[in-house]
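Input: a single structure, listed below in structure tokens.
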Amino acid sequence: MANGMASPTEQSGTMATAEEPGYLRSGQQDGLRGGLVRLRSGDMGSLPALIGLVVLVILFALLRPTFLTPLNFANFFTQAALVMILAMGLVFVLLLGEIDLSAGVTSGVAAAILAVLIQKQGVAWPIAVTAALASGIAIGLFIGMMVARIGVPSFVVTLALFLGLQGLVLVIIGEGGNIRITEPVILAIQNRNLPPLLGWVFYAIVVVGYLTAALLGRRQRLVRGFPATPLLTILAKAAVLALLGFGMVWVLNLERSINPAKNPLSGVPIIVPIIALLTIVFWFLLNRTAFGRHIYAVGGNVEAARRAGISISYVRIVCFCICSGTAAFAGLVYASRAASVDPNAGRFVVLSAVAAAVIGGTSLFGGRGRIQDALIGGAVVAVIDNGMGLLGYSAGTKLMITGGVLMLAASADALSRRRRLTGG
Amino acid sequence: MVTTTAGLGEHPPGGEEPAPFLSATGIVKSFGPVHVLRGVDFAIRPGTVTALVGDNGAGKTTLIKGLAGIQPFDAGRVQFEGREVHIDSPRAAAELGIEVVYQDLALCDNLDIVQNMFLGRELHRGVTLDEAAMEHRAGETLRGLSVRTVSSLRQQVAQLSGGQRQTVAIARAVLWNRKVVILDEPTAALGVAQTEQVLALVRELRSAGLGVVIISHNLQDVFAVADLIYVLYLGTMTACLPAAQTTPGEVVEYITGGRTAAQDA
Ligand SMILES: Nc1ncnc2c1ncn2[C@@H]1O[C@H](COP(=O)(O)OP(=O)(O)OP(=O)(O)O)[C@@H](O)[C@H]1O
Ligand SMILES: [Mg+2]
């Protein structure tokens, strides 16, 4: 295990002599140059989604000035949260080239269990939350077993569950029922804000944390005599993050109530740090652990992964558990925002979430995608929803537009895959 | 039923070869009514390039898959470094030090060179991957093999040429200190220059003391690197010829069944 790192200092500086092969000198393909290489090979990542996001924001801001108010900005996060969180879980199964159509109704099941336990049985919220999350993981385990051990396509398993779990929600809640949520802790998830000072603390943690992680990674490479990301690039990225974050926290800390005297309202919505934490955890899992590497391998080439000694079933089962567990968490978020749970909970949101991940740049063919895609794509979906809502469009029009954007993203995905397969 | 062929198994030609890493005797494998291997003997020696030739469907891949632990044999003995072994899984083969580079290569296109070379055997530092250590060792391994054709270790494998992909797959075997490396048709899809690169790599492996098996339909390639040529004909090992003492014409006769060991003897 410790081999290969026996004498780190001895190698530094001895690498870049004239006769050395080029690959010993060239560094990681990140940064601008690596990005360009990837772009030319047809791997667009989330660039189109980012551009689309900026265009949409400008468009809506021009058409409807209320779009850019602090109140709407804060609303945007609470609206986007559900889709973003669901999409983050879905990235794990999409990376395998699988799909989970039941993620939305899994949220519904979790929300229903939560509501019944807290409001009807009087169970303490930590127990109810644990039970709700456990129900999600159990559903994921079931899907994973069916797919990995029995070999039923995930599309079919989760389509069956899409129907079956809707029935389960009906049974749990009762026909025509609607359970109101009054538990303050659950309501806080989507309805409360951080005190302004805590918002700045959160901001500082994110910026300092990013800088520390990037600098440590750079040092680890330099110690071995490897070329690392230039200091300037790291600082530039940190500066962009710091600037954007500053603007965000600043705006969210402004008074945004329509009636400040009666209902003062300011601060970063609690859901924002929750999403940030989830993103960091998932990002770490995907990019810094062997398990994450194996997810990409299984999605990229199952046979290669199998021959490399990776347990394919294990990877599949765990990914479905992560997806469904995350969906269950999204169920809590849903219950918090709606302040109630009804039998339709989570029925259609899964399609928006799949759309979000794909729009963000995650491939439906497996092997390509990042956790950030869920956030960026989720933001696009939410901005369309929010902006068109402000412009007075009906739900029908919004659905058609979102569907169109998904079609566009999926076509781009298919085309870039074809380009990778044919062109070198 | 049992075929004995000139110079097989216990009596290596030349006599002074080192003891084999691996020796298989009396290997039998059938798929239902199809008898694919009918009592085959085979040996892999250190510092030796062994070519395995035979017509389509002769059973070459089947023999290799058995040694790789992918499809167990029906009968026969396999010894590794003198010990009787049962290779019943790819992991068992890997633990013995056998690495197979398949015709389809089995690399992950969406991962880079380093990630592919360490796939399933990643180096860690605490809970996190030690990317720098992996990149360092991958670079050292490629340099040790005198590889000069790849430009960056962090290139995605999708962007590599056929020869470069073959190089990565072979370097994977070297990285893990394998004793035996089996290459199934490594040059089948390659042009002249890239074929030459792969053959050079095979010679590097030989001088590093590994036992190399190369399956090929291209006798020119076989004669360019092989020390020993085994010929499989309809599931029977009909010849084991030192490359220096035979000709392509003779090998072709064995491959097509125009000549058999029985006629020889
Ligand atoms: N899983 C299987 N089930 C049934 N028959 C099989 C199976 N695998 C191989 N065979 C048969 O065994 C015979 C030998 O196949 P094998 O792949 O070992 O040949 P080969 O020498 O590698 O040929 P090639 O040069 O075409 O690669 C063929 O007739 C093939 O049809
Ligand atoms: Mg074959």
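Heads up: the protein sequence lines correspond to chains B and U, in order. Basically the numbering used here = 1-based index in the first sequence + 596. Basically the numbering used here = 1-based index in the second sequence + 26. Just so it is clear, CB atoms sit at the ideal spot from N, CA and C, and this is done for glycine as well.
Item	Value
List, in chain order, every chain C residue whose beta-carbon is nearer than 9 Å to that of U/L133.	Checking the listed chains, one finds no chain C in this structure; the protein chains it contains are B and U.
I'd like to know if the region 884-896 of chain B and the region 685-700 of chain B are in contact, where contact means that at least 3 CB-CB pairs between them fall below 8 Å.	yes
Flag this pair as touching only if the region 86-94 of chain U and the region 266-280 of chain U have three or more C-beta atom pairs under 8 Å; answer yes or no.	no
From what residue to what residue does the alpha helix (DSSP H) around B/L794 run?	P792 to V819
Based on the DSSP secondary-structure assignment, which residues constitute the bridge partners of B/S936?	B/R776
Helix, strand or coil for B/F880 per DSSP?	helix
Hey, how far is the Cα of B/G813 from the Cα of U/G152?	14 Å
Rounded to a whole number of angstroms, what is the C-alpha to C-alpha distance between B/M1003 and B/I997?	10 Å
Once the 5 residues before and after B/Q968 are set aside, which same chain residues still bring their CB inside 8 Å of it?	S642, T875, W879 and G956
Taking 8 Å as the CB-CB cut-off, is B/T808 touching chain U?	no
Relative to chain U, which residues along the region 959-971 of chain B have a C-beta separation below 8 Å, given in chain order?	G963 and R964
Ignoring anything shorter than 4 residues or poking outside the region 718-749 of chain B, list the alpha helix (DSSP H) runs there in chain order.	721-741
Strictly by DSSP, which residues pair up with U/A50?	U/F68 and U/V104
Could you confirm whether any beta carbon from chain B is found closer than 8 Å to the beta carbon of U/R64?	no
Determine the DSSP secondary structure at B/S948, reduced to helix, strand or coil.	helix
According to DSSP, is U/I208 helix, strand or coil?	strand
Express the C-alpha separation of U/R191 and U/K86 in angstroms, rounding to a whole number.	22 Å
Between B/I854, B/A834, B/A857 and B/P865, which lies nearest to B/L848 when the distance is taken from Cα to Cα?	B/P865
With a threshold of 8 Å, are at least 3 pairs of Cβ atoms found where one atom belongs to the region 857-873 of chain B and the other to the region 182-198 of chain U?	no
Short check: CB of B/F751 to CB of B/L697, under 8 Å?	yes
Just verifying my parser: in three-state terms, what is the DSSP assignment at B/L1002?	helix
I think B/I867 touches B/F673, with their Cβ atoms under 8 Å apart; what is that distance to the nearest whole Å?	6 Å
Report the rounded CA-to-CA distance for B/T808 versus U/V248, giving the unit in angstroms.	55 Å
Name the residue from B/I785, B/T958, B/L839 and B/G888 whose alpha carbon lies nearest to the alpha carbon of B/P869.	B/I785
Quick one: is U/V104 near chain B, going by C-beta distance under 8 Å?	no
What residues of chain U sit near B/L892, judged by a beta carbon separation below 9 Å?	Inspection of the sequence shows that residue 892 of chain B is occupied by Tyr rather than by Leu. Result: C134, N136, L137 and Q141.
Counting only runs of 3+ residues fully inside the region 210-291 of chain U, write out the beta strand (DSSP E) ranges in chain order.	237-241, 254-259 and 262-268
Rounded C-beta distance between B/A708 and B/I782? I'm assuming under 8 Å.	About 13 Å separates the two Cβ atoms, so there is no contact after all.
From U/A234 to U/L171, what distance separates their C-alpha atoms?	9 Å
Mind listing which residues have their beta carbon within less than 6 Å of any non-hydrogen atom of ligand 3? Chain order is fine.	As presented, the structure is devoid of ligand 3, carrying ligand 1 and ligand 2 as its sole ligands.
Touching or not, the region 647-663 of chain B and the region 900-913 of chain B, by the rule of three or more beta carbon pairs under 8 Å?	no
Could you work out which residue in B/V819, B/V845 and B/A923 is closest to B/F550 when comparing CA atoms only?	Limits of chain B in this structure are 597 at one end and 1020 at the other, which puts residue 550 of chain B out of reach.
Provide the residue span of the alpha helix (DSSP H) that contains U/L137, from first to last.	Unbroken run through U/L137: none, as it is neither H nor E.
As an exercise, report each continuous alpha helix (DSSP H) stretch of at least 4 residues that is fully enclosed by the region 681-716 of chain B, in chain order.	699-711
Can you list the residues of chain U that B/A886 reaches, using a CB-CB cut of under 8 Å?	E148, H150 and L155
Provide the residue(s) that pair with U/R151 in DSSP beta bridges, ordered along the chain.	U/T154
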